[in-house]
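Just so you know, the protein sequences line up as chains A and B, in that order. So for the first sequence, this note's numbering puts the first residue at 1; every next one is plus one. So for the second sequence, this note's numbering puts the first residue at 1001; every next one is plus one. All C-beta atoms in this analysis are idealised placements derived from N, C-alpha and C, irrespective of residue type, glycine included.
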Amino acid sequence: MSSAVLVESIKGSMQAEGRSVSRDFWQCRDLLMMLTWRDITIRYKQSIMGFLWAVLMPVLVVGSGLIVMVAFSVMSGKAINKSDVLAIAVKSVPWAFVVSAIRFATNSLTANKELVTKIYFPREILPIASVLASLFDFAIATGVLTIILCVTRVGISVYCLWVPVLLFLIIVLTTALSLLLACANLFFRDVKYLVEVFLTYGIFMVPVFYSASRMGKYGILLLLNPVGPLLDSLSTIIVGHRAPSLPWVGYSAAWAFGGLVISWLIFRKAERLFAESI
Amino acid sequence: MTTGIEFEGVWKKFSRGEKFDSLRDLIPSMTNWLFSADQRTKLQKKEFWAVQDVSFKVGRGDSLGIIGPNGSGKSTTLKLLSGILQPDKGSLRVRGRLGALIELGAGFHPDLTGRENIYLNGTILGMNKAEIKSKFDEIVEFSELKEFLDTPVKRYSSGMYARLGFSVAAHVDPDVLIVDEVLSVGDYHFQQRCFEKMKEFVRKGTSLVFVSHNMTAISTLCKNALLLQKGETIYYGGVSQAVQAYHSFYDDKTASDHIELLDVRLKGSDGVARDVFQPGERATFEVTLKALHPLRDAHPGLMIHTLEGQCVFVTATSRLLKKRLNLEQGETAEVEFCLDLNLQGSVFALGFTVTPELEHKDQWLYYNPNLRKFVMTDEHKSQGFVFLNPSAELSVNTV
Chain A
1 MSSAVLVESI KGSMQAEGRS VSRDFWQCRD LLMMLTWRDI TIRYKQSIMG
51 FLWAVLMPVL VVGSGLIVMV AFSVMSGKAI NKSDVLAIAV KSVPWAFVVS
101 AIRFATNSLT ANKELVTKIY FPREILPIAS VLASLFDFAI ATGVLTIILC
151 VTRVGISVYC LWVPVLLFLI IVLTTALSLL LACANLFFRD VKYLVEVFLT
201 YGIFMVPVFY SASRMGKYGI LLLLNPVGPL LDSLSTIIVG HRAPSLPWVG
251 YSAAWAFGGL VISWLIFRKA ERLFAESI
Chain B
1001 MTTGIEFEGV WKKFSRGEKF DSLRDLIPSM TNWLFSADQR TKLQKKEFWA
1051 VQDVSFKVGR GDSLGIIGPN GSGKSTTLKL LSGILQPDKG SLRVRGRLGA
1101 LIELGAGFHP DLTGRENIYL NGTILGMNKA EIKSKFDEIV EFSELKEFLD
1151 TPVKRYSSGM YARLGFSVAA HVDPDVLIVD EVLSVGDYHF QQRCFEKMKE
1201 FVRKGTSLVF VSHNMTAIST LCKNALLLQK GETIYYGGVS QAVQAYHSFY
1251 DDKTASDHIE LLDVRLKGSD GVARDVFQPG ERATFEVTLK ALHPLRDAHP
1301 GLMIHTLEGQ CVFVTATSRL LKKRLNLEQG ETAEVEFCLD LNLQGSVFAL
1351 GFTVTPELEH KDQWLYYNPN LRKFVMTDEH KSQGFVFLNP SAELSVNTV
């Protein structure tokens, strides 16, 4: 075949239907639910502790937070009070969700190689199902946390109406990152190691163990990470009974939605190469 | 809306060996990508066309078989059709609901039970929950795995796995069904039922694309066939011609460095050379061969295949004689086989081989499974391709 003919037919390929069987994302919601259900079921099959695992992870985070806090109080000479401990708990549960969702989603495409190379469906379903499966654990942990908050009589304020908004933003932000990382990990396996390192040490880069205000003028650095303001706002609302800082929530929201749009576009663009590059 | 497939001048390239797997390799490939035009339509280093300018059409209720040797682009074509891969050039259109059986039970999770996997796999294949629920009993019945429904599929045998996979897939009710060589597992009985199911689909108006190495299956199921080799279309048209072309292109591999056939004769019981025989007739097959290299302890062999590629009969002089063939370069020899042609009602391919002394697999000095075709007439006493010289008697028992 001569090259002249090759160039001539490029046009045809550009006009070719990108997706021969374009099943809309919405049409695949059954599949999304099914894969989420699968991920949840598998995680707890053949495990003795079962759903207790969903609580264990945040408990561990709170535990290590307490140790950090004791160290702080010894150095600064200030006593630990109840609200500080509760603030850590309030921030640990969503943080545990972010970590588990991202860890799980990063591997979601490579772990389902069979599906990616053998059956066609919109691939974004895989990382999103991973996020939803982690959300299930998050719901259990949140339930437990709510009981604890009630028992400790932390009280309620009108600002608690902000909580669903903030949780929603955390989920959107996590989904955006998950799509991007899952896609990147499919092409470069380095990504999962990088992600692992960041997730392990990430706890020190977000205001979970301490509030951003404690860092004085450097506190702003903690909040630049878009997860930071959301976690900080959660404890401000639930434990502090104060309104969140609107500019910072807006900042995180911009990251969340902007990130979601961009990573979805990248994902869609790269999707055509998944089956041959995995 | 008419359902079906249009595949127009589709090209797809793959690269040999590893692409880039880590960030370190990314930089050179990115620079390459930035500075060279025509990324998608020109071949880079290590790349090759897996599918080249392939076109075909499958209408409603039509069936197309795709045949060709390994690595000819059959599965790639199916993956392009199902949307798993994207073409580099050309266009393809699939109208209607697509069911793709690229691999049975892909998407099964080993830790889930058969029941759970039916739901999971069904959804992956495009059914919704209510649909699966309504067809659940049918699926289970078809798979004949009722008592293993609550066993995790990791404990299934590969045959059971395939059975469950096909059963789910067979109930998707697709407008366009794509089946890769997936029926090689499973017992004969189940394979037959799968064929029946596929035939039923075609009767109902499904467009079928079927890849197989089993020429009998292709000939029974498909009206048309596409013969591929190294991604190129060799033949596209009626299935019988395609199957013949498929066989004849194994003829091309007969050139041997070791042996040249000078003459090939097939004679009937009357000593006359011909290629049509009566069932049960004693025939003689004679070959004159010339050694192009010295031959040590070689033994010639004979084989008979159906045109669909099924082996009917194989023998070799090593099993019939103690004598071996020793020839110097340029010497010639005569080989003669006599056999009772207990075959009937079909065309058969006669093959000839020469193997070295030690039976190294795939080390043929000469190999041609399709040297000659011969026709066996039909006596109408029986059916099937074997002639067992039947006779019968009837008598009524008096009480």
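- One Cα belongs to Lys-113 of chain A, the other to Thr-142 of chain A, and the distance between them is close to 33 Å.
- A residue is called buried when at least 16 other Cβ atoms come within 10 angstroms of its Cβ; Ser-1157 of chain B does not meet this threshold and is exposed.
- In this chain, the beta strand (DSSP E) harbouring Tyr-1366 of chain B covers 1366-1376.
- Counting only runs of at least 4 residues, the region 81-115 of chain A fully encloses the following alpha helix (DSSP H) elements, listed from N- to C-terminal order: 82-106 and 108-111.
- Here the region 81-94 of chain A makes contact with the region 203-210 of chain A; the two share three or more CB pairs at distances below 8 Å.
- Take the alpha-carbon of Ala-1283 of chain B and the one of Ser-1143 of chain B: they are about 47 Å apart.
- When 9 Å is used as the limit between beta carbons, Thr-41 of chain A is near these residues of chain B: His-1109, Asp-1111, Leu-1112 and Glu-1116, in chain order.
- Proximity of chain A to Leu-1120 of chain B at the Cβ level (cut-off 7 Å) is accounted for by Met-34 and Arg-38, in chain order.
- Scanning A:Arg-242, A:Lys-192 and A:Ile-170 for the CA closest to the CA of Ala-253 of chain A turns up A:Ile-170.
- For Lys-45 of chain A, the chain B residues whose C-beta falls within less than 9 Å of its own C-beta are Asp-1111, Leu-1112 and Pro-1152, listed in chain order.
- The distance from the Cβ of Leu-1101 of chain B to that of Ala-1169 of chain B is about 5 Å, consistent with a contact at the 8 Å cut-off.
- In the structure shown, His-1305 of chain B falls within a strand segment according to DSSP collapsed to helix, strand and coil.
- In the three-state DSSP reduction, Asp-1173 of chain B falls in the coil class, being neither helix nor strand.
- Membership of Ser-1063 of chain B in the beta strand (DSSP E) is indicated by the continuous run 1063-1067.
- Against chain B, the CB of Asp-30 of chain A has a partner CB under 8 Å away; the residue lies at that interface.
- By the 16-neighbour rule on beta-carbons within 10 angstroms, Gln-1052 of chain B is buried.
- With a 10 Å radius around the Cβ and a threshold of 16 neighbouring Cβ atoms, Pro-1087 of chain B comes out buried.
- Taking a beta-carbon distance threshold of 8 Å, Lys-1079 of chain B counts as an interface residue toward chain A.
- Under the three-state reduction of DSSP output, Val-151 of chain A falls in the helix class.
- In this structure Glu-1334 of chain B is in contact with Glu-1286 of chain B, their Cβ atoms being roughly 7 Å apart against a cut-off of 8 Å.
- In the structure shown, His-1299 of chain B adopts extended strand secondary structure according to DSSP, grouped into three states.
- Boundaries of the beta strand (DSSP E) around Lys-1290 of chain B: 1281-1291.
- Not a single C-beta of chain B is nearer than 8 Å to the C-beta of Leu-265 of chain A.
- Between Gln-1344 of chain B and Met-1303 of chain B, the C-beta spacing is not below 8 Å.
- Bounds of the beta strand (DSSP E) holding Glu-1232 of chain B are 1232-1238.
- Rounded to the nearest angstrom, the gap between the Cα atoms of Val-1314 of chain B and Ser-1346 of chain B is 18 Å.
- Assigned with DSSP and collapsed to three states, Lys-1135 of chain B falls in helix.
- Under a criterion of Cβ atoms nearer than 7 Å, the residues of chain B adjacent to Phe-121 of chain A are, in order, Ile-1124.
- Neighbours of Glu-114 of chain A in chain B, taken as residues whose beta carbon is under 7 Å from its own, are Ala-1106 and Gly-1107 in chain order.
- Under the 8 Å criterion on CB atoms, Thr-106 of chain A is classed as non-interfacial with respect to chain B.
- For Met-1127 of chain B and Asp-190 of chain A, the gap between their C-alpha atoms comes out near 36 Å.
- For Gly-1384 of chain B, the closest alpha carbon among the candidates B:Phe-1348, B:Val-1354 and B:Gly-1105 is that of B:Phe-1348.
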